[in-house]
Amino acid sequence: GMDAVRAAIRGLGGEVLMTSEYGKGTNAQIRLPLTLAIMAALLVEADDRPFAIPLDRIERTVRLADHTVRSVAGSRMLVMRDGVLPIVDAAERYGGSPVADAEYAVVVRGSTGSLAVTVTTLFGQRELVTRPLPPEVAENSALSGAAVMSDGQIALIIDCDALETATHLVTA
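See the structure below:
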């Protein structure tokens with residue numbers, strides 16, 4: 385059991401320290417590098433690629449078929465009861481093909497307002513061990529990091545504030 389834990393922690397660049405004292409018990413310490421963080425996220429899919437959206441930035445998820453999508457000044461907007469939100473196609477924003485038939489939108493909170501990110505699949509909430517992206521990759525990508533999922537795929541973590549900036553540049 386502990387061999388598997390030790391191998392997993394070493395794979396993340398950390399270490400496991402165990403000390404035992406007869407009659408007092410065993411103390412196990414797990415040390416992880418400061419570059420790692422655990423984050424609660426909603427796993428989604430766009431253009432057959434997994435993405436993670438931080439749960440603390442999500443306002444709600446909606447089925448696009450239940451709402452009206454309009455074009456305003458060449459930009460797609462999601463019409464909701466409480467207002468109109470700019471739409472960001474996650475597949476297109478991250479280098480894939482635009483998805484005209486995305487089934488869902490995740491309404492996220494940016495630094496100055498909300499926007500809708502369209503995705504094809506909602507997988508559900510997960511606790512992810514995240515790693516930062518190299519600065520040269522993260523700088524203009526609207527991504528805040530990545531996480532290795534249990535099946536070995538890499539889920540890129542969407543940076544809601546950077547998405548918002550890119551959207552306002554397009555719709556302004």
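Each residue of the sequence shown is one higher than the last, beginning at 385 in our numbering.
Where is the CB? At the ideal position from N, CA and C, for every residue including glycine.
**Request:** Look at the alpha carbon of Met464 and the alpha carbon of Val532, and state the distance between them as a whole number of angstroms.
**Result:** 34 Å
**Prompt:** Which value, in whole angstroms, describes the spacing of the CA atoms of Val491 and Leu517?
**Reply:** Whole-angstrom Cα-Cα distance: 24 Å.
**Assigned exposure category for Ala556 - 16 Cβ within 10 Å defines buried** = For Ala556, the pLDDT reaches just 33, beneath the cut-off of 50, and the residue's location in the model is therefore unreliable, although a value from the coordinates is still provided. In this structure Ala556 is exposed. Its beta-carbon is surrounded by fewer than 16 other beta-carbon atoms within 10 angstroms.
**Minimum C-alpha distance to Val513 - residue among Gln537, Thr505, Ala388 and Pro519** = Gln537
**Message:** Residues in the same chain with beta-carbon distance under 6 Å from Phe507, minus the five sequence neighbours each way, listed in chain order, please.
**Reply:** Leu427
**Asked** Can you check whether the CB of Met423 is closer than 8 Å to the CB of Pro434?
**Response** no
**Request:** Could you tell me if Leu401 is buried or exposed, where buried requires 16 or more neighbouring beta carbons within 10 angstroms of its beta carbon?
**Result:** exposed
**CB of Ala530 within 8 Å of CB of Ala546, strictly** = no
**Request:** Drop a sphere of 10 angstroms on the beta-carbon of Met461, count the other beta-carbons inside from all chains shown, and report buried for 16 or more, exposed for fewer.
**Result:** buried
**Asked** Should Tyr488 be labelled buried (16 or more other beta-carbon atoms within 10 Å of its own) or exposed?
**Response** buried
**Classification of Ala388 by the beta-carbon crowding that lies within 10 angstroms, buried from 16 upward** = exposed
**Request:** Report all residues from its chain with a CB closer than 8 Å to the CB of Asp466; omit the five preceding and five following residues, and keep chain order.
**Result:** If we look at Asp466 and ignore the five residues flanking it on each side, it has no Cβ neighbours.
**Asked** When the cut-off is 8 Å and only beta carbons count, does His451 lie next to chain D?
**Response** As a matter of chain content, chain D is missing from the structure shown, which is built from one protein chain.
**Prompt:** Looking only at C-alpha atoms, which of Asp535, Gln509 and Ala539 sits nearest to Asp440?
**Reply:** Gln509
**Request:** Quick one: using the 10 Å Cβ neighbour count with 16 as the cut-off for buried, is Pro470 buried or exposed?
**Result:** Classification for Pro470: buried.
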